[in-house]
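Taking it in order: structure first as structure tokens, then the write-up.
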Amino acid sequence: IGIWDSSLHDGYHYIFPPCVPQHDIFVFEVFAVVCAVALLPSRAFPTSTVIIYSDSENTVALFNSLRASNARYNSLLKITVDLLLRYRYRLRVLWIPGENNSVADALSCHRLAAARQFNPLISHHILLPPQDVLGA
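With the working numbering as the guide, the letters of the sequence shown map in order to residues 1474 to 1609.
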């Protein structure tokens, strides 16, 4: 997954272990939003309204409705809501066209040189998701 904070020029990417099935991109899109929310306490002021952009319309719909048609996403939604309540954030997830999401897409594909071409000021980080997000 790739997470791009354009205000701080910070880019994060995470490489899933080989045992994680790679065919369901929606899981990765949802996981990216959950991880972005988990990063907030170190990046945003309490009671802030946070906007996260996603080029996945399904992900936008999931987080804006907080309803999953598939039960396996409910645990990720619960983690997100727990974080939002704990740190008093308000979340908006908005859709962005894929062509306007080039840095995050490059990070999610582990194309770090391409991400740097899109934004030469990028500071690259390996994402270390919280254990509750990983299900540990």
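Just so you know, even glycine gets a beta-carbon here, dropped at the ideal spot from N, CA and C.
These numbers were taken from a predicted model, which means no experiment stands behind them.
Report the three-state DSSP secondary structure of Y1560 (helix, strand or coil).
Three-state DSSP puts Y1560 in a helix.
Am I right that F1591 and L1564 are in contact with their C-beta atoms under 8 Å? What's the rounded C-beta distance?
With 8 Å as the limit, F1591 and L1564 do not qualify as a contact, their Cβ atoms being about 25 Å apart.
Going by the beta-carbon positions, is the gap between T1532 and V1566 smaller than 8 Å?
Result yes, Cβ atoms of T1532 and V1566 sit closer than 8 Å.
Looking at C-alpha atoms only, which residue of S1527, P1519, R1516 and D1478 is the closest neighbour of G1571?
Checked all of S1527, P1519, R1516 and D1478; the closest Cα to G1571 is S1527.
Roughly how far, in whole angstroms, is the beta-carbon of H1486 from the beta-carbon of L1580, given that I think they are within contact range, below 8 Å?
Going by Cβ atoms, the distance from H1486 to L1580 rounds to 4 Å, so yes, they are a contact pair.
Going along the chain, which residues of its own chain have a beta-carbon closer than 8 Å to the beta-carbon of H1583, five neighbours each way excluded?
For H1583, where only same-chain residues beyond five positions count, the Cβ hits under 8 Å are H1486 and I1488.
Around the C-beta of P1490, are 16 or more other C-beta atoms found within 10 angstroms, so that it is buried, or is it exposed?
It is exposed - the Cβ of P1490 has fewer than 16 other Cβ atoms within 10 Å.
The beta strand (DSSP E) with I1524 in it runs from where to where?
Unbroken beta strand (DSSP E) run through I1524: T1522 to S1527.
So, with DSSP's three-state summary, where would you put L1567?
Reduced to three states, the DSSP call for L1567 is strand.
Since A1541 contacts P1602 with CB under 8 Å, what's their CB separation in whole angstroms?
That pair is no contact at about 19 Å.
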